[in-house]
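Q: Numbering (my numbering), first residue to last: 68 to 465.
Sharing a structure with you now.
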């Protein structure tokens with residue numbers, strides 16, 4: 068039977084008895100055998116901890132240094148300036164671009180800086196741009212071409228920014244100059260009468276630009292010796308950025324048109340003036356009357372002296388008509404009616420010299436052949452001059 072103290076009381080658990088360890092001789096020896104930490108060891112541990120902290124801090128600092136070093140190095144690369152220039156071109160920042168051009172393109176006296184700026188604006192409008200290093204690119208002298216549609220528009224030269232130096236010996240680049248490849252390819256060459264006033268882009272053209280003078284107008288061979296048109300001269304200039312605006316005024320102060328040849332690009336100003344309405348009516352009447360009489364003279368329906376009144380005295384043109392007209396060989400015919408007379412062309416060179424082209428028809432009754440009337444068409448090309456207040460035929464162009 069178990070001891071009395073091990074009996075359980077009904078309904079209550081019994082905790083096991085707590086036994087305290089008994090310190091024996093062996094336990095005492097074991098405690099004496101445990102080593103003690105020396106001061107040196109403690110100091111070494113502290114030093115290692117401090118060294119670890121210093122190394123970790125150094126690594127953190129060095130990592131920050133590398134980041135800053137890389138940032139400054141990247142900012143020192145010259146292509147960033149080319150990026151800035153490209154951005155200006157893309158935004159069509161004309162003032163900014165023009166500010167980069169240190170050596171402004173020269174221009175003639177007929178244009179201004181505004182003309183060149185407009186030329187540049189037209190050149191870069193609605194374009195895409197890129198850049199590439201030039202053949203002369205060097206680390207100490209970076210250069211880039213500005214390119215659009217495979218065409219080089221400008222050369223970008225960089226210079227070191229001495230005022231804002233970078234750490235670690237890196238160079239701080241800035242835009243030194245933008246050399247725009249401006250092609251001033253426009254020019255003008257104009258032939259005009261001597262005495263006429265020529266302006267280009269609103270500027271009077273000096274005599275220094277006159278390359279030819281004393282050119283005889285073709286019309287003078289029909290007018291001399293009774294009248295003479297002014298001789299012609301030529302003005303020329305090159306190196307224009309834009310198509311020139313040409314204005315010419317005649318000796319009467321009236322503006323006359325400069326015609327441009329589509330093949331050569333050269334301009335010509337014809338000798339022109341304005342005739343009064345009174346003169347125009349008199350000239351038309353004179354021209355039609357002459358052409359009718361001329362047609363009848365050739366067909367022997369007018370007398371031998373029917374044309375004399377239209378010509379000045381001793382007219383070579385009249386002598387040629389009388390000598391060269393085979394009137395006697397003209398086909399015999401009956402009644403002649405003149406119809407459909409018309410002034411087809413009229414040029415007023417000066418108030419006293421004109422050209423008139425007149426058309427008339429002779430409707431003839433023939434003695435043989437068809438019973439229908441034959442229609443003979445005559446066109447006269449007349450150069451008229453006012454002599455002693457009266458219009459006369461100075462010459463005829465056949």
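We put the CB at the ideal spot given by N, CA and C, even for glycine.
Owing to the predicted nature of the structure, the values given are computational and were not obtained by experimental measurement.
Have a look at residue 220 and residue 291 and give me their C-alpha separation to the nearest angstrom.
A: Taking the chain shown and counting its residues from 1, one reaches residue 220 at position 153. Taking the chain shown and counting its residues from 1, one reaches residue 291 at position 224. Using only the alpha carbons, I get a separation of about 56 Å.
Q: Under the three-state reduction of DSSP, which class applies to residue 362: helix, strand or coil?
A: Position 295 of the chain shown holds residue 362. Note: residue 362 maps to helix in three-state DSSP.
Q: If you draw a straight line from the C-alpha of residue 432 to the C-alpha of residue 406, how long is it?
A: By 1-based counting over the chain shown, the position of residue 432 is 365. By 1-based counting over the chain shown, the position of residue 406 is 339. Each residue's Cα considered, the two are about 14 Å apart.
Q: Let's test the definition: count the other Cβ atoms within 10 Å of the Cβ of residue 444 and tell me whether it reaches 16, buried, or not, exposed.
A: Here the question's residue 444 lines up with position 377 in the chain shown. Result: exposed.
Q: Can you check whether the C-beta of residue 239 is within less than 8 Å of a C-beta belonging to chain C?
A: You won't find chain C in this structure, because it holds only one protein chain.
Q: What do you reckon, are the CB atoms on residue 253 and residue 311 nearer than 8 Å?
A: Stepping through the chain shown from its first residue, residue 253 is reached at position 186. Stepping through the chain shown from its first residue, residue 311 is reached at position 244. Contact: yes.
Q: Could you tell me if the beta carbon of residue 339 falls within a distance shorter than 7 Å of some heavy atom in the ligand ATP?
A: Although the ligand ATP was asked about, the structure shown includes no ligands whatsoever.
Q: By Cβ distance below 8 Å, which residues in the same chain neighbour residue 378 in space, the five residues on each side in sequence not counted?
A: As a first step, residue 378 must be located in the chain shown, where it is residue number 311. For residue 378, where only same-chain residues beyond five positions count, the Cβ hits under 8 Å are 384, 385, 459 and 460.
Q: Just mark residue 176 as buried or exposed, buried being the case when its beta carbon has 16 or more other beta carbons within 10 Å.
A: Position 109 of the chain shown, counted from the start, is the residue given in the question as residue 176. The residue in question, residue 176, is exposed, as its Cβ has fewer than 16 Cβ neighbours within 10 Å.
Q: In whole angstroms, what is the alpha-carbon distance linking residue 321 and residue 145?
A: As a first step, residue 321 is located in the chain shown; it is residue number 254 there, counting from the start. As a first step, residue 145 is located in the chain shown; it is residue number 78 there, counting from the start. About 60 Å.
Q: From the DSSP secondary-structure annotation, give me the bridge partner or partners of residue 351.
A: Taking the first residue of the chain shown as position 1, residue 351 is located at position 284. DSSP, once it has assigned bridges, lists no residue as partnering residue 351.
Q: If you measure between the beta carbons of residue 278 and residue 314, is that distance less than 8 Å?
A: For the purposes of this step, residue 278 is identified with residue 211 of the chain shown, where counting begins at 1. For the purposes of this step, residue 314 is identified with residue 247 of the chain shown, where counting begins at 1. Going by C-beta atoms, residue 278 is not nearer than 8 Å to residue 314.
Q: Excluding the 5 residues preceding and the 5 following residue 366 in the sequence, name in chain order all residues of the same chain whose CB lies nearer than 6 Å to its CB.
A: The count along the chain shown starts at 1 and reaches residue 366 at position 299. So the qualifying residues of the chain are 397.
Q: So, helix, strand or coil for residue 390, using DSSP?
A: Here residue 390 refers to the residue found at position 323 of the chain shown. If DSSP states are grouped into helix, strand and coil, residue 390 belongs with the helices.
Q: Quickly, what does DSSP pair residue 327 with across the bridge? List them, please.
A: Taking the first residue of the chain shown as position 1, residue 327 is located at position 260. According to DSSP, which records beta bridges pairwise, residue 327 is partnered with 334.
Q: So for residue 168, helix, strand or coil by DSSP?
A: Numbered from 1 along the chain shown, position 101 holds the residue referred to as residue 168. Looking at residue 168 - three-state DSSP - the assignment turns out to be coil, as it is neither helix nor strand.
Q: For a quick check, are the C-beta atoms of residue 224 and residue 202 less than 8 Å apart?
A: Translated into the one-based positions of the chain shown, residue 224 becomes position 157. Translated into the one-based positions of the chain shown, residue 202 becomes position 135. No, the pair does not count as a contact, with Cβ atoms beyond the cut-off.
Q: Between the alpha carbons of residue 464 and residue 247, how many angstroms are there, rounded?
A: Here residue 464 corresponds to residue number 397 of the chain shown, with the count starting at 1. Here residue 247 corresponds to residue number 180 of the chain shown, with the count starting at 1. Answer to the nearest angstrom: the Cα atoms are 55 Å apart.
Q: Quick check: the Cα distance between residue 260 and residue 186, rounded to an integer number of angstroms?
A: Counting from 1 along the chain shown, the entry for residue 260 is found at position 193. Counting from 1 along the chain shown, the entry for residue 186 is found at position 119. In a straight line, the C-alpha of residue 260 is about 32 Å away from that of residue 186.
Q: Tell me which same chain residues have a C-beta within less than 6 Å of the C-beta of residue 148, skipping the five on either side of it?
A: Here residue 148 corresponds to residue number 81 of the chain shown, with the count starting at 1. Around residue 148: 225, 240 and 242.
Q: Does the distance from the CB of residue 326 to the CB of residue 335 come in under 8 Å?
A: In the chain shown, residue 326 corresponds to position 259, counting from 1. In the chain shown, residue 335 corresponds to position 268, counting from 1. Yes, these two residues count as a Cβ contact at 8 Å.
Q: Could you tell me whether the segment 417-434 touches the segment 447-455, where touching means 3 or more Cβ pairs closer than 8 Å?
A: yes
Q: What does DSSP give as the partner residue(s) for residue 379 in the beta ladder?
A: One-based indexing of the chain shown puts residue 379 at position 312. According to DSSP, residue 379 bridges with nothing at all.
Q: Among 307, 309 and 283, which residue has its Cα nearest to the Cα of residue 299?
A: Stepping through the chain shown from its first residue, residue 299 is reached at position 232. Checking every option, the nearest Cα to that of residue 299 belongs to 283.
Q: Go ahead and pull the three-state DSSP assignment for residue 231.
A: Your numbering for residue 231 matches position 164 in the chain shown. If DSSP states are grouped into helix, strand and coil, residue 231 belongs with coil.
Q: If we call anything under 8 Å between Cβ atoms a contact, is residue 237 one with residue 140?
A: On the chain shown, position 170 is the one that residue 237 refers to. On the chain shown, position 73 is the one that residue 140 refers to. Yes, these two residues count as a Cβ contact at 8 Å.
Q: Taking DSSP as the reference, what is the three-state secondary structure of residue 73?
A: Counting from 1 along the chain shown, the entry for residue 73 is found at position 6. Its pLDDT being 48, under 50, residue 73 is placed unreliably in this model, and the value from its coordinates should be taken loosely. Of the three classes helix, strand and coil, the one that applies to residue 73 here is helix, per DSSP.
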